[in-house]
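Colleague: Can you keep this structure in mind? I'll have questions shortly.
Protein chains: 4
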Amino acid sequence: MSGSSFGKLFRITTWGESHGPGIGVVIDGCPAGLALSEAHIQKFLDRRKPGQSKYTTKRNEADSVEILSGVFEGKTTGTPISLLVRNQDQRSRDYGNIAELFRPGHADYPFTEKYGIRDYRGGGRSSGRETIGRVAAGAVASLILNELGISVRAYTKSIGPFTVSQEDYRFSEIEENSLYMPSNAVAEQAGEYISSLMAERDSCGGIIECIADHLPVGLGEPVFDKLDALLAQAVMSVGAVKGVEIGDGFQAPLSTGSKNNDPFRAENGRIYKESNHAGGTLGGMSDGSRLVLRAAVKPTSSIARTQHTVNTSGENTDITVLGRHDPVIVPRAVVVVESMTAVTLVDLLLQNMTARMEYLKKIY
Amino acid sequence: MSGSSFGKLFRITTWGESHGPGIGVVIDGCPAGLALSEAHIQKFLDRRKPGQSKYTTKRNEADSVEILSGVFEGKTTGTPISLLVRNQDQRSRDYGNIAELFRPGHADYPFTEKYGIRDYRGGGRSSGRETIGRVAAGAVASLILNELGISVRAYTKSIGPFTVSQEDYRFSEIEENSLYMPSNAVAEQAGEYISSLMAERDSCGGIIECIADHLPVGLGEPVFDKLDALLAQAVMSVGAVKGVEIGDGFQAPLSTGSKNNDPFRAENGRIYKESNHAGGTLGGMSDGSRLVLRAAVKPTSSIARTQHTVNTSGENTDITVLGRHDPVIVPRAVVVVESMTAVTLVDLLLQNMTARMEYLKKIY
Amino acid sequence: MSGSSFGKLFRITTWGESHGPGIGVVIDGCPAGLALSEAHIQKFLDRRKPGQSKYTTKRNEADSVEILSGVFEGKTTGTPISLLVRNQDQRSRDYGNIAELFRPGHADYPFTEKYGIRDYRGGGRSSGRETIGRVAAGAVASLILNELGISVRAYTKSIGPFTVSQEDYRFSEIEENSLYMPSNAVAEQAGEYISSLMAERDSCGGIIECIADHLPVGLGEPVFDKLDALLAQAVMSVGAVKGVEIGDGFQAPLSTGSKNNDPFRAENGRIYKESNHAGGTLGGMSDGSRLVLRAAVKPTSSIARTQHTVNTSGENTDITVLGRHDPVIVPRAVVVVESMTAVTLVDLLLQNMTARMEYLKKIY
Amino acid sequence: MSGSSFGKLFRITTWGESHGPGIGVVIDGCPAGLALSEAHIQKFLDRRKPGQSKYTTKRNEADSVEILSGVFEGKTTGTPISLLVRNQDQRSRDYGNIAELFRPGHADYPFTEKYGIRDYRGGGRSSGRETIGRVAAGAVASLILNELGISVRAYTKSIGPFTVSQEDYRFSEIEENSLYMPSNAVAEQAGEYISSLMAERDSCGGIIECIADHLPVGLGEPVFDKLDALLAQAVMSVGAVKGVEIGDGFQAPLSTGSKNNDPFRAENGRIYKESNHAGGTLGGMSDGSRLVLRAAVKPTSSIARTQHTVNTSGENTDITVLGRHDPVIVPRAVVVVESMTAVTLVDLLLQNMTARMEYLKKIY
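Structure (structure tokens):
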């Protein structure tokens, strides 16, 4: 009953409800000597902020982050970094409807069964705002990765049926469309699809892809804390994610060993793989190729259509979820997946530092 | 660097190499008073034993389990349960080839880079025999689930392109074919496919599905230790698994909110969902519907064809993996996925016992 | 490198520096349905506040706590409880002296060697203000204990050479003297001793005793997470504590088995011990008798006398620690020891709920 | 309910009952490349073996260790090291008396209350034989320390009232007397004392001291995982230990700040302390001085005298504990305390490797 922490050495603990006083995260185990500012974290938070395009909720939140500890004279000190984002949208409002009804697709029902009490305001702890802590931590993790020359990047691979094929990727276009797709052309089609769903008070999902380059070989701890296993936990723990795959993922079963195996080659003393069906992991450890993971995001559960449901007294009734909701959360979840990937990688980078006796002798 | 444990309260720690003295697991945190015998565990282990059909390796291992601790007069005592399976196939053999080459698709290369040393005999720690500890623990977990009326069952959904559609499931046929598919007809087709690949010294993969029924509502700990997140880690940590999905998984993004949301209904005081696209989890907690997860298993990496690779000196060369290997590991991995699911569920059942003050008052 | 968390199920994570923006704690795993208010936590915090007697520093801090999450309509919801205390004493000040010198008895030197950087203002993370998070968490833990009829109470057993013998305990007097001793008479003598040391710019230590009554039998997890072992960690982790003992502790080696063993007796179906040399634990589990632990607190390290030291350049020099410091921290540490005891007990109460299969059947 | 593991990165999990098939430990997280043999571990185990002097039980156990995994060609591979010691003394015997009575001073009563079932044979999991796993792990940890030039040594400081003063220490004599005291003269007196107690069917306790030299400065993780806090847990978790202190420990409260503070000095660029009242820790981190800890061991609970007790039906009765028992367990516990210290130090050495960004850059 203490599932709000992730990571073993770079350990993040998130807290906060949608309409409580604030949301935050404590990062324990960040190495000392890292340059860190609120401005850097804010850049990450701004990527998930609402109200940035016509496809996102209009809720107006500044989501300004405050560093409460762990940084001195612009550098991390090795002590826990506490980050706070105050909620602004706490105005008194009539939640009566949501208080007594279980919204389909939401956590309301199991949450109530589990705890016997529920902060129903805006979804409480199960709100998308919970990801603020993840993204703030991801911002810190990404700085560490940068220092080591490792890059992590997430983007929208598909919205509903509109997919960007790998051969059509134009990474430079990701920031040019509000869906964060590596193809403005596909993004435009997807945008029209979303608009048509909005007109029907409906919603859609999509697939987020995240890649990481320049990882050292051997990240990931056999047996249970494999790189791909921890990434699966990290990304599946994001609300609305229903599947995670690495490399060819669910296509791999359709291949054969002779095609799916990535042959090794060496050139100028550097070992590489001739292909990358594996998506950068072998035996649960990074293999030197690009890490490739994908997350399947379900359609937004909050829709303005009337749906069947039951109330907290166990009676059948209907519900119409009011308010403005994202018709698709994929674009805003891109930075969340990138953050969880970054956090996982940093934790495994730290863990891997104790793999060999010779490493101990380098430090001591 | 200590990734061999899984679970917080029902905590399993596996150990052992393919050709070392033995393989085993320590289960710490098993509640006292559970009837447990070696015979029960053996039944689970026999399901993953090699040599049971023409599609599995001929390695002849009895894989007999010994209970070393934690059981007294046929019942668990609450102390750690140590389980040991001796390796029999330790005969001296020429491993020279594997010792100096990195097998494509295997952990050889990253393992060597990570640790600087590698027990190359039969894959060492990265061998499929590592799953013996998982399955032994799964056998114990399944007994606990049985006592609570919860059932878990895994089976082969597809082999290469041969898939059993949900509407064609015949659960009674699972034990009737050596591929553990819920359709003898599809299993026959799949068997021919495997035979044709064997003739070509090639291999294939497949998809394993696992279902759990009669779970209490509310299992899973927000935020990072969600039911689906921990299942994703648990299952992705199994060698050869490249993807995990819950419910509609990677199909969910193609749906819309109005179709994908599962409406609630109540009947005779019982709340249920009219559909189960979610696969039994909402907000990362069990929702009372059937839990449905799928794992994508890649084609067996060990194939008898000659492949490109490099040697441990970093030179280009070719490799032909000798010995008899499973052309498809899916059937033997079925019980592994079932075991990891059972272990995860038991751990979350224990964790959930502290969710409410009123539960404390029931016990104290 | 992530040592700011304590507890497995009732898990607290503290953060904050003496002169940063604030200090706080996140409590993850508090059962839902507990009545909790800021006023209750404030009462605990007020017990450790400075400026309450002539023996404590005059630093004027309100130390007002704010509940940022995890409580809804006056009850805990099962989600993480984030507690924040803003630092008020952040005024710009000349710390130059402390910045470049290592204070004897303080963490300055090892902290600098460990992290290469140090927030020197007021001791940074190693300040006594770090205990604010512990006490806030202890306040919540004590509420849970109260609900179960368990009481925990700490007090000052000795100040320097002035000790209250067990046969002289007057618990009603604890709140009547500013040293929290169970004897006003001894407290008066101790007070004079402290005054004389203050006149000499010196300081002293003491012994804190903590007792807990009405614990269920069997709390504590063999082998490493024994009740006494976790209490030892919990209490030794408090700054300035140099020793921890249970029951007769360091006197036990002077006894013999025939005297030190506590014989069992039964009366009206209740089992009890005829004596309690063990201090309430047998085999690392609570035994139904009163839990008795003692912590040895060293003399305050900050003294106004000139002492030898070295500076951060490794040169010999002298230091005179300026500012007003507690001549003895024992009275203010009483509530810290009580809090750490309460937190440990709650964590073990939660863990113990999964000890038996029959408990699972009570909940499910 | 899973308290059989200790350590975060160098993580040991012990298992086994006194009269079950065997006792063992799994060490997960041992760095790869360490030379390790059964012979080295055996040397440690032999130090705790029974039957080595007239003061120890005559139980004849070879206690031979077998390495089951994690070592290849004489070196650790980074995978879990599983160590097994078979119990030989499993002969059928009449335990009826112990089965139905709670031995004073033993874990029988709380164990039964906790789990509802108890392996009463020889104390089961609460037997002193449980320490075999600790000592086997300590043997491995000590090898790592040796490689880094760190030494750990434990010895008997006092038996009953017979104490060796620090100024009389003769370390060369430790191995010369069967009590492991650093003074043959005091050991002789203590031996007579033990003999007299044996004649009276009584037992005694003592104090074990453990020192560690050449630790790097800065080991220990603020706030809860401080070096002294984790040592306190590690050592207090050993059966029969009732108190732990660091440096001056329980004498510190009797001193004053001006005497108890250890002034810093520098010589030839090396910083040291002019005294070591602190016992080698400041702020919970190693400070470069000798680490000094002491453990108070209670008198052996098993005595041949008749004592009051109750039976499992809750009735008053008497008990006479049969069999041959150590009149004092201190000498055999010396290596256990040394082992737990070594394990704790290695874990903190590994944790400390991630303290600074510059360390990451040294490895990656």
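Residue numbers (UniProt numbering), protein chains in the order written: chain A, 1 to 364; chain B, 1 to 364; chain C, 1 to 364; chain D, 1 to 364. Idealized CB from N, CA, C, for every residue including glycine. Source: prediction; values computed, not measured.
#1: Under three-state DSSP, which class holds M353/C?
#2: If you measure from the beta carbon of L68/C to each beta carbon in chain A, is any gap under 9 angstroms?
#3: For a contact defined as C-beta to C-beta under 8 angstroms, what are the partners of E274/D on chain C?
#4: Run through chain A and tell me which residues come within less than 8 angstroms of A212/C, C-beta to C-beta.
#5: Please check if any C-beta of chain A sits within less than 9 angstroms of the C-beta of I23/C.
#6: Determine, using beta carbons only, whether A229/D comes closer than 9 angstroms to chain A.
#7: Within 9 angstroms of any Cβ in chain D, is that where the Cβ of S127/B sits?
#8: Under 9 angstroms, CB to CB, which of the residues in the segment 337–362 of chain C have a partner in chain B?
#9: Can you tell me whether S313/C is buried or exposed, with buried defined as 16 or more other CB within 10 angstroms of its CB?
#10: Quick check: the Cα distance between V247/D and Q88/D, rounded to an integer number of angstroms?
#11: Name, please, each residue of chain B whose Cβ falls closer than 7 angstroms to the Cβ of Y115/D.
#12: Output, in sequence order along the chain, the residues in the segment 3–16 of chain B whose CB is closer than 9 angstroms to any CB in chain D.
#13: Less than 9 angstroms between CB atoms is the rule here; does G29/A satisfy it with respect to chain D?
#14: Closer than 7 angstroms by beta-carbon distance: list the chain A residues that pair up with L148/D, in chain order.
#15: Inspect the beta-carbon positions of K298/A and V217/A and report whether they are closer than 9 angstroms.
#16: For V25/D, is the beta carbon positioned less than 8 angstroms from some heavy atom of the ligand SAH?
#17: By DSSP, does S178/B sit in helix, in strand, or in coil?
#18: Could you pull the start and end residues of the alpha helix (DSSP H) that N146/C belongs to?
#19: Does any CB atom of chain B fall closer than 9 angstroms to the CB of I144/C?
#20: Cβ closer than 7 angstroms: which chain F residues qualify as neighbours of G20/D?
#21: Kindly list the residues whose CB is nearer than 6 angstroms to the CB of G160/D, restricted to its own chain and excluding five residues on each side of it in sequence; keep chain order.
#22: Give the DSSP-derived three-state secondary structure of K361/C in the structure shown.
#23: Checking 9 angstroms against the spacing of the C-beta atoms, do G3/C and D347/D come in under that value?
#24: DSSP three-state label for H40/B, please.
#25: Residues in the same chain with beta-carbon distance under 8 angstroms from L9/B, minus the five sequence neighbours each way, listed in chain order, please.
#26: So, helix, strand or coil for D202/A, using DSSP?
#27: Determine the extent of the beta strand (DSSP E) in which L9/A is found, giving its start and end residues.
#28: Against chain A, does F224/C count as a neighbour if the rule is that its beta carbon must be under 9 angstroms from one of theirs?
#29: Report yes if the C-beta distance between I211/A and A154/A is below 9 angstroms; otherwise report no.
#30: For G105/D and Q307/D, what's the separation of their Cα atoms in angstroms?
#31: Which residue's Cα is closest to the Cα of M236/D: S69/C, L293/C, T76/C?
#32: My assumption, with CB atoms under 8 angstroms, is that T156/C sits in contact with V25/C. Please give the rounded CB distance.
#33: According to DSSP, simplified to helix, strand and coil, what is A342/C?
#34: Note down, in chain order, each residue of its chain lying with its Cβ closer than 8 angstroms to the Cβ of K75/B, except the 5 sequence neighbours on either side.
#35: Using 9 angstroms as the limit for Cβ to Cβ distance, is P182/D near chain A?
#36: Which partner residues does I208/A have in the DSSP bridge list?
Modeller: This is what the structure gives:
#1: The answer is coil: DSSP assigns M353/C none of H, G, I, E or B.
#2: At least one beta carbon of chain A lies nearer than 9 angstroms to the beta carbon of L68/C.
#3: One finds H308 in chain C with Cβ atoms closer than 8 angstroms to the Cβ of E274/D, taken in chain order.
#4: Here the premise fails: no neighbours, minimum Cβ distance about 23 angstroms.
#5: So yes, I23/C belongs to the interface.
#6: No, A229/D does not count as interfacial toward chain A.
#7: Using beta-carbon distances, S127/B does not count as an interface residue toward chain D, since no partner is under 9 angstroms.
#8: Closer than 9 angstroms at the C-beta level to chain B, one finds these residues of the segment 337–362 of chain C: L349, L350, Q351, N352, M353, T354, A355, R356, M357, E358, Y359, L360, K361, K362.
#9: Classification of S313/C: exposed, given that the 10 Å Cβ count is below 16.
#10: In the sequence as displayed, the identity of residue 247/D is Gly instead of Val. Roughly 41 angstroms between the two C-alpha positions.
#11: Those within 7 angstroms of Y115/D in chain B are A32, T77, G78.
#12: Correct list: G3, S4, S5, G7, K8, L9, F10, R11, T13, T14, W15, G16.
#13: At least one beta carbon of chain D lies nearer than 9 angstroms to the beta carbon of G29/A.
#14: L360, Y364, listed in chain order.
#15: Not closer than 9 angstroms, so no.
#16: Annotation note on the ligand SAH: not contained in the displayed structure, which lists no ligands.
#17: Here S178/B sits in coil by DSSP.
#18: Unbroken alpha helix (DSSP H) run through N146/C: 131–147.
#19: The beta-carbon of I144/C is placed less than 9 angstroms from the nearest beta-carbon of chain B.
#20: You won't find chain F in this structure, because its protein chains are A, B, C and D.
#21: The beta carbon of G160/D sits closer than 6 angstroms to the beta carbons of Y193, C204 from its chain, once the five residues preceding and following it are set aside; these are given in chain order.
#22: Looking at K361/C - three-state DSSP - the assignment turns out to be helix.
#23: Their beta carbons are not under 9 angstroms apart, which means G3/C does not touch D347/D by this criterion.
#24: Helix at H40/B.
#25: Hits under 8 angstroms: G29, D347, L350, Q351.
#26: If DSSP states are grouped into helix, strand and coil, D202/A belongs with coil.
#27: From DSSP, L9/A is part of no beta strand (DSSP E); its letter is neither H nor E.
#28: So no, F224/C is outside the interface.
#29: Going by C-beta atoms, I211/A is nearer than 9 angstroms to A154/A.
#30: Roughly 11 angstroms separates the two Cα atoms.
#31: Nearest C-alpha to M236/D among S69/C, L293/C, T76/C: L293/C.
#32: A Cβ-Cβ distance of about 25 angstroms is found for the pair T156/C and V25/C, leaving them out of contact under the 8 angstroms criterion.
#33: Assigned with DSSP and collapsed to three states, A342/C falls in helix.
#34: A32, G33, L34, A35, L36.
#35: Not flagged as an interface residue toward chain A: P182/D, since no C-beta distance is shorter than 9 angstroms.
#36: Its beta-bridge partners are T156/A, A295/A.
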